[in-house]
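Mapped onto the working numbering, the consecutive letters of the sequence shown carry residue numbers 15 to 287.
Read the structure below first, then the notes.
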Amino acid sequence: MKKLSSASNPEVTVTLTTPACRCLLLLLEASPNIVLQQDFFKKVWEEEGMLVPANTLYQNISIVRRGLRAVGDTDQKLIATVPRKGFQIDGGVKIVKQEDIVDAVSISVHIANEGIGDMLAGEESLPEESRENDQIPTTEPKITTEPYKGNFHRWQFSALVILIAFVTGFFLTHTIWHLNDEPAFFDTYTMIETDNGCHFYTTDDNHDNKNPYQRFKSLVLNSGLNCKNYPWVYFPSSLTSPTLTALVCKRQYTTDMSPGCISLHINGVNSDE
15 MKKLSSASNP
25 EVTVTLTTPA
35 CRCLLLLLEA
45 SPNIVLQQDF
55 FKKVWEEEGM
65 LVPANTLYQN
75 ISIVRRGLRA
85 VGDTDQKLIA
95 TVPRKGFQID
105 GGVKIVKQED
115 IVDAVSISVH
125 IANEGIGDML
135 AGEESLPEES
145 RENDQIPTTE
155 PKITTEPYKG
165 NFHRWQFSAL
175 VILIAFVTGF
185 FLTHTIWHLN
195 DEPAFFDTYT
205 MIETDNGCHF
215 YTTDDNHDNK
225 NPYQRFKSLV
235 LNSGLNCKNY
245 PWVYFPSSLT
255 SPTLTALVCK
265 RQYTTDMSPG
275 CISLHINGVN
285 SDE
């Protein structure tokens, strides 16, 4: 799982599932072009050995939309739906890449250094008598040097602001793509059994003797799950929700490495209850 962070307020963060992060990355890489539905299915799920229904794609796009609106504190439409084709970043959204910030810093530093070089070259080209005359206090140096000095300080300030923005952006990007948090609620999940190479973890949220674990396990196995690629399975055994949400992972959640999880959503599991 990854995090989105607000650039103006880094304390405002939203956690995205791995499939939602991949969907967002595809949209950003393709912008302003359309990402076709079949491209989402292929690059987000099929390359990981998963076959998911169309509803799973819509749910993950919805997760991305809510996350972007939350950290951006805006109601603007950020991801547009292209009927019968796919999705794209809305045309009114401006995307700024990290290398653009680096280029801006380089330009500012280069211009500031050119100004210093011109000033030193001008002093060296003066005759000796002129240099001695310049040491006599007059009002003229105040007129010629003060404005330049102010401009130079303004360039210094601009370069400093851009450097701060670059450093902030770097750490935000590092947080989004490399920080993996381990949800505390998985500590309450208990391993029930190992079947077909999958390790099944669940928690019983029911207050009666009805436990739908076996039925839910069959639904997960029949969804097309490849236990060789995703052997760790976590889901709640709840009869109160109409949707079964399972988290299937490449590695166990107790390891220090990123578990590499994707989510499965199966609707209507308790419609007959």
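We put the beta carbon where it would ideally sit given N, CA and C, even for glycine.
Only a predicted model underlies this, so the values are computations on that prediction, with no experimental measurement involved.
Residue i - partner residues in DSSP beta bridges
i	result
Ser19	Thr27
Met205	Tyr215
Tyr248	Tyr215, Leu261
Ile280	Leu258
Thr95	Phe101
Cys275	Cys263
Option nearest residue i by Cα separation, candidates the options
i	options	result
Val234	Gly81, Thr88, Asn74, His279	His279
Ala34	Asp104, Trp59, Phe230	Trp59
Glu62	Lys264, Val26, Asn281, Thr268	Lys264
Phe55	Leu65, Thr88, Asn23	Leu65
Gln102	Leu50, Pro273, Arg83	Leu50
Asn243	Phe249, Lys231, Gln266, Thr254	Gln266
Pro46	Val283, Leu82, Ile93	Ile93
Thr32	Ala44, Asp53, Lys57, Ser20	Lys57
Glu43	Asn23, Val110, Arg79	Val110
Leu80	Ser232, Ser19, Ile48, Pro67	The sequence given here has Arg at residue 80, not Leu. For Arg80, the nearest C-alpha among the options comes from Ser19.
Gly282	Thr268, Thr254, Thr182, Val262	Thr254
Leu13	Pro67, Pro97, Leu41	A query on residue 13 cannot be resolved here, the shown segment of the chain reaching from 15 to 287 and no further.
The ligand FAD heavy atom lying under 7 Å from the CB of residue i
i	result
Phe55	Among the components of this structure there are no ligands whatsoever, and the ligand FAD is therefore not found.
Collapsed DSSP secondary structure at residue i in the structure displayed
i	result
Gln228	helix
Ser76	helix
Cys37	helix
Thr88	coil
Leu50	strand
Thr70	helix
Gly100	strand
Thr268	coil
Lys111	coil
Leu42	helix
Lys242	coil
Gly81	helix
Leu253	coil
Leu174	helix
Leu65	coil
Whole-angstrom distance between residue j and residue i, CA atom to CA atom
i	j	result
Ser251	Gln228	9 Å
Thr95	Met271	35 Å
Ser237	Cys275	16 Å
Leu176	Met205	For the sequence presented, residue 176 should be read as Ile rather than Leu. Approximately 51 Å, taken between the alpha carbons.
Lys99	Asn74	16 Å
Val247	Leu258	13 Å
Thr288	Leu39	In the structure displayed, the chain extends from 15 to 287; residue 288 sits before or after that span and is not available.
Gly86	Asn69	26 Å
Cys37	Gln52	12 Å
Val26	Gly105	25 Å
Ile77	Leu174	36 Å
Phe230	Asn240	16 Å
Asn5	Glu207	The question about residue 5 has no answer, for the chain in this structure spans 15 to 287.
Ile48	Val107	14 Å
Asp89	Asp209	46 Å
Tyr72	Thr182	32 Å
Pro273	Ala260	14 Å
Pro67	Ile178	44 Å
Thr268	Ser277	18 Å
Val262	Pro97	30 Å
Proximal residues to residue i (C-beta, below 6 Å), its chain only, five neighbours per side dropped
i	result
Thr202	Thr217
Tyr215	Tyr203, Met205, Tyr248
Cys212	Cys241, Pro245, Val247
Lys91	Asp104
Ala84	Val28
Sequence-distant residues of the same chain with beta carbon closer than 7 Å to residue i, five excluded per side
i	result
Glu160	With a pLDDT of 49 at Glu160, under the threshold of 50, the modelled position of this residue cannot be trusted; read the value that follows with caution. Within the same chain, Glu160 has no close Cβ partners at all.
Ser232	none
Own chain residues within Cβ distance below 8 Å of residue i, not counting five before or after
i	result
Asn225	Asp218, Ser251
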